[in-house]
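Using our numbering, you'd call the opening residue of the sequence shown number 429 and step up by one each time.
Read through the structure below, which is laid out as structure tokens, and then see the notes.
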Amino acid sequence: RQIRVRGATLRVGGIGSVLTHPEFRGRGYAQALIRDAELYMQQTGYDLGMLFTIIGTPFYAKLGWIPLPLPTFSLPVGQPTTAFSDSARILNDTADLPAVMALYDAANVNQTGTEIRNSGYWRSGPSRYRDLFPQKGIERNGQLVGYLNYANNGSDLEVYEVCFMPGDDEACRGVAHTLFAAAKKEGLKTIKGSLPPDHSLLARLADLGNSQPSFSQHQKTMVKILDWATIRKKLMDMAPANPPSDETAFWNDLLNPRSASTPGWLDNLPNAQGFFYWDPDIF
429 RQIRVRGATL RVGGIGSVLT HPEFRGRGYA QALIRDAELY MQQTGYDLGM
479 LFTIIGTPFY AKLGWIPLPL PTFSLPVGQP TTAFSDSARI LNDTADLPAV
529 MALYDAANVN QTGTEIRNSG YWRSGPSRYR DLFPQKGIER NGQLVGYLNY
579 ANNGSDLEVY EVCFMPGDDE ACRGVAHTLF AAAKKEGLKT IKGSLPPDHS
629 LLARLADLGN SQPSFSQHQK TMVKILDWAT IRKKLMDMAP ANPPSDETAF
679 WNDLLNPRSA STPGWLDNLP NAQGFFYWDP DIF
């Protein structure tokens with residue numbers, strides 16, 4: 429996989445899952461497997477490793493993996509302040525794929541951490557299994573300007589991914605109306621998911637439903653430096669020559685907006701907005 433970070437494209441190697449038979453636990457086999465995977469990824473040209481934990485962070489943290497919190501939101505549907513309607517149409521995963529891919533690329537080019545999805549990635553078996561392709565799209569003058577990936581999880585309307593160009597208020601409004609209409613139609617009282625905290629859709633949904641979102645985090649995503657030399661090269665050789673002694677601080681500085689404590693070597697690189705990774709890519 430590849431992700432975008434401050435104008436650089438970083439190559440990511442993944443660990444899918446680690447499982448030890450109950451009779452053989454506590455002997456270090458899982459740790460040995462992870463170390464072996466790290467060595468393989470280092471030898472085959474990966475800049476960093478990434479995993480998505482379902483057992484919490486402590487086990488992997490002991491092996492040097494760093495959690496990257498992702499923002500989550502929960503919004504009561506409430507009573508609408510204005511009339512709303514669902515103007516979206518069902519998308520076809522063959523005919524509409526080129527337009528969906530183009531919109532995703534354009535809308536995410538300046539995001540920090542989002543997956544770079546090529547055609548093979550969109551069409552792959554795991555992506556199909558994870559329902560990467562969005563269900564509905566918003567069109568304007570015959571052109572796709574927004575799309576939505578969401579589901580009824582039984583108690584809430586869960587937003588997996590939304591996409592429209594930054595600043596396109598009309599597309600944002602169409603996405604918000606479609607989500608709100610789906611929640612109302614299915615009798616759901618909450619819309620939740622993972623979006624950047626400053627995403628314009630949150631304010632639009634809050635205005636539409638006359639309610640305010642609450643925010644939290646999840647720590648499924650963890651990363652680890654594998655090849656400092658290649659990371660440094662891709663960051664225009666601005667980073668210090670030696671690997672960071674505090675990897676948590678490194679990722680915090682690299683992935684978040686500038687602050688008073690941001691090290692000077694980041695001044696000549698594009699700014700970061702805070703790490704974000706779309707839910708359908710978490711597999």
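Glycine included, each C-beta is placed from N, C-alpha and C at the ideal position.
On a CA-only basis, which of the options is nearest residue i? Give me that one, please.
i, options, result
"A604", "D521, G473, P708, A634", "A634"
"F501", "D464, D681, S639, D695", "S639"
"P497", "T606, A688, T676, T618", "T676"
"W550", "M529, N538, N569", "M529"
"V587", "E598, Q563, R568, P668", "Q563"
"P699", "W693, I566, R686, Q459", "The sequence given here has Asn at residue 699, not Pro. Among W693, I566, R686, Q459, the Cα nearest to that of N699 is on R686."
"W693", "M666, I619, G602, L683", "M666"
"F512", "N696, P668, G637", "G637"
"G570", "T540, A516, D681, D695", "A516"
"Y575", "D533, G441, G541, F711", "D533"
"Q701", "G456, K490, Q430, Q539", "Q539"
"R439", "W679, P594, I653", "I653"
"K648", "A535, I443, A631", "I443"
"Q430", "G454, D464, D475, L461", "D475"
"P495", "F711, F480, V446", "F480"
May I ask you to list the residues that DSSP assigns as paired with residue i?
i, result
"P499", "Q645"
"Y532", "DSSP, once it has assigned bridges, lists no residue as partnering Y532."
"F480", "T649"
"F703", "T540"
"E598", "Per DSSP, none; premise fails for E598."
"F512", "Beta-bridge pairing links F512 to no other residue."
"Y474", "Paired residues: none, contrary to the question."
"Y575", "G565, C591"
"L438", "I431"
"N580", "L585"
"G553", "Looking at the DSSP assignment, G553 forms no beta bridge with any residue, so it has no partner."
"I494", "V651"
What whole-angstrom Cβ distance do residue i and residue j have, given they're in contact under 8 Å?
i, j, result
"L560", "D524", "Incorrect: roughly 13 Å between the Cβ atoms, too far for contact."
"D662", "A458", "For the record, residue 662 in the displayed sequence is Lys; it is not Asp. K662 to A458, Cβ: 31 Å. No contact."
"I566", "A599", "5 Å"
"L503", "T618", "7 Å"
"L682", "R432", "With a Cβ gap of about 12 Å, L682 and R432 do not count as contacting."
"L697", "M650", "Going by Cβ atoms, the distance from L697 to M650 rounds to 23 Å, so no, they are not a contact pair."
"G541", "F678", "In fact, because the Cβ distance is near 14 Å, the residues do not count as touching under 8 Å."
For residue i, count neighbouring C-beta atoms within 10 Å of its own C-beta (all shown protein chains included) and say buried if the count is 16 or more, exposed if not.
i, result
"Y557", "exposed"
"E589", "buried"
"T522", "exposed"
"F452", "exposed"
"D707", "buried"
"F592", "buried"
"Y705", "buried"
"S628", "buried"
"Y468", "exposed"
"P450", "exposed"
"V537", "exposed"
"M478", "buried"
"I482", "exposed"
"P526", "exposed"
"R568", "exposed"
"N577", "buried"
Cβ contact check for the segment 574-593 and the segment 481-490: 3 or more pairs under 8 Å: no
At least three beta-carbon pairs within less than 8 Å, the segment 622-642 to the segment 655-672: no
contact_flag[the segment 662-677, the segment 599-618] where n(CB pairs < 8 Å) is 3 or more: no
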